[in-house]
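Counting in my numbering, the sequence shown runs from 7 upward without gaps.
Note that beta-carbon positions come from the ideal geometry of N, C-alpha and C, so glycine has one too.
What follows is a set of notes on a single structure, which appears directly below.
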Amino acid sequence: SRLNKEEQEMIARRERVLGPAYRLFYERPLHFVRGEGVWLYDADGQAYLDAYNNVASIGHGNPTVLEAIGRQAATLNTHTRYLHEGILAYAEALTATFPAELSQVMFTCTGSEANDLAVRIARTYTGGTGIIVTSHAYHGVTSTVAEFSPSLGPNVDLGIHVRTVSPPNPDLPASEVEAAFSREVEAAIADLRRHGIKPAMLIVDTIFSSDGVIADPPGFLKAAVAAIREAGGIFVADEVQPGFGRTGEALWGFLRHDIVPDLVTTGKPMGNGYPMAGLIARPEIIADFGRNARYFNTFGGNPVAAAAGQAVLEFIRDQDLVANARSVGAYLKAALETYAGRSELIKSVRGVGLFLGVDVMEGGEPSAAAAARIVNGLRDRRVLISASGPHANVLKIRPPLVFSRSHADCFMEAFDATLKDVMQKGR
Ligand code: PMP
């Protein structure tokens, strides 16, 4: 083993104290002790280029956010049951970034809680219970949400009210993607009804991360959204992955699809590492839920969370990070695309802004093994990415939004060398 003694001991301690449910990244796990901007530093002081972490979206250790958190934590931290100017100002600033219809927000601490709340609201509003998700969706960890997160694998049973649909097919001609996806949703609605189940919601991650990163063509969600509404259900956009500017086209991924969801859930980058998430809603959708069910989330939307969230929103705006995601993302995508077809391992490059997916093949088939060799090869060159998708063969490249062109060049240098290595050694 290439693990040193200290690493071996830490792994043993993890297993002893954290139990069997946790997984480490990499054949040879990494041990980071510090982060700054797009860099993570290991215990030996070696710098790794972070092209994977979307929580520290405006940079690891962002001083603006740290200052805001520190100042508010030193002043007051309670919860949402007292009047507080910071909470209101943040809620107003956040909802102002959405289409006018989406004018109310409820705060949680995790994306899972936001999606859990979305189901409760959808069921109250529609009187239905059925849930439609894509076949390799991930929406979170609560027992209700795990029941509609099929990517958790065969050991987590889908709920009896859950139906899965194939994600939009990126291999179809662009003009056919929308109708094909809508037909899937219509078939799921019909199947729910055959079983006497009224549809409550269609929920999708608007960049389909766990389904393998499917972004194009913009607009492909329209017909499916119309279909679920026609059936009495609502549409929920899970913006935990694409939200806060990642697609480089707007703050929210659903805007690329020219739709206005009924509910939107957000999380991960919302507090740049401070745990916060939320649900943004059309007021008429949460009216009944609010009247009948009191909602209180002890930590959700507390004054420190509001300060962190406000700092994140302002930093994205002031540094024009949506435009940065667009231009650096396009630059990186173009560089990656030169390998598609040229290298027999690389089939195609998908994605938008700073969320890119690269299909890795071997012998004409999706290859999780080859993708893992690339991920591990990049790790040995101190560059961080991961692989996802139903076949675990899609390289997931999702750096902090403060990624620059020179970081992209640095990434491509390591990528090129890694591919050569993998081709030569087949290691
Ligand atoms: N939705 C999506 C699309 C996600 O990727 C995740 C987290 N990976 C979640 C929801 C759940 O968020 P959290 O881990 O904060 O509960």
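Residue j beta carbon less than 9 Å from that of residue i
i, j, result
"Leu351", "Met429", "yes"
"Tyr131", "Asp244", "no"
"Phe187", "Pro173", "yes"
"Ser410", "Val334", "yes"
"Ser63", "Leu407", "yes"
"Asn303", "Phe31", "no"
"Ile127", "Leu269", "yes"
"Leu362", "Leu342", "yes"
"Val358", "Thr253", "yes"
"Ala120", "Thr212", "no"
"Leu227", "Glu190", "no"
"Leu208", "Ala233", "yes"
"Pro396", "Ser157", "yes"
"Val71", "Asn298", "no"
"Glu13", "Arg34", "yes"
"Leu36", "Arg379", "no"
"Gln52", "Ala313", "no"
"Gly251", "Leu338", "no"
"Ile403", "Tyr28", "no"
Host beta strand (DSSP E) of residue i (start-end)
i, result
"Gly41", "38-42"
"Gln110", "110-114"
"Lys353", "352-358"
"Lys402", "400-403"
"Gly363", "361-368"
In DSSP terms, what residue i is bridged to
i, result
"Gly76", "DSSP lists no partner for Gly76."
"Ala243", "Val210, Val270"
"His66", "Gly43"
"Asp222", "According to DSSP, which records beta bridges pairwise, Asp222 is partnered with nothing at all."
"Ile137", "Val168, Met207"
"Val389", "Leu55"
"Asp48", "Phe38"
"Ala280", "For the sequence presented, residue 280 should be read as Tyr rather than Ala. Looking at the DSSP assignment, Tyr280 forms a beta bridge with Asn278."
"Glu371", "Glu368"
"Ser394", "Val400"
Residue span of the alpha helix (DSSP H) that contains residue i, given as start and end
i, result
"Ser381", "What sits at residue 381 in the sequence shown is Val, not Ser. 374-386 is the extent of the alpha helix (DSSP H) around Val381."
"Phe321", "309-324"
"Ala287", "Element bounds for Ala287: not the alpha helix (DSSP H) but the beta strand (DSSP E), 283-287."
"Ser349", "Premise fails: Ser349 is in no alpha helix (DSSP H) and is neither H nor E."
"Ile265", "Counting along the chain, Ile265 falls outside any alpha helix (DSSP H), and DSSP gives it neither H nor E."
"Glu12", "11-24"
"Leu338", "327-343"
"Tyr96", "91-101"
"Glu192", "180-200"
"Asp427", "411-431"
"Ala128", "117-132"
**Request:** Output the residues surrounding the ligand PMP, defined as those with a CB atom closer than 5 Å to any ligand heavy atom, in chain order.
**Result:** Qualifying residues come out as Thr116, Gly117, Ser118, His145, Gly146, Asp211, Asp244, Val246, Gln247, Gly273.
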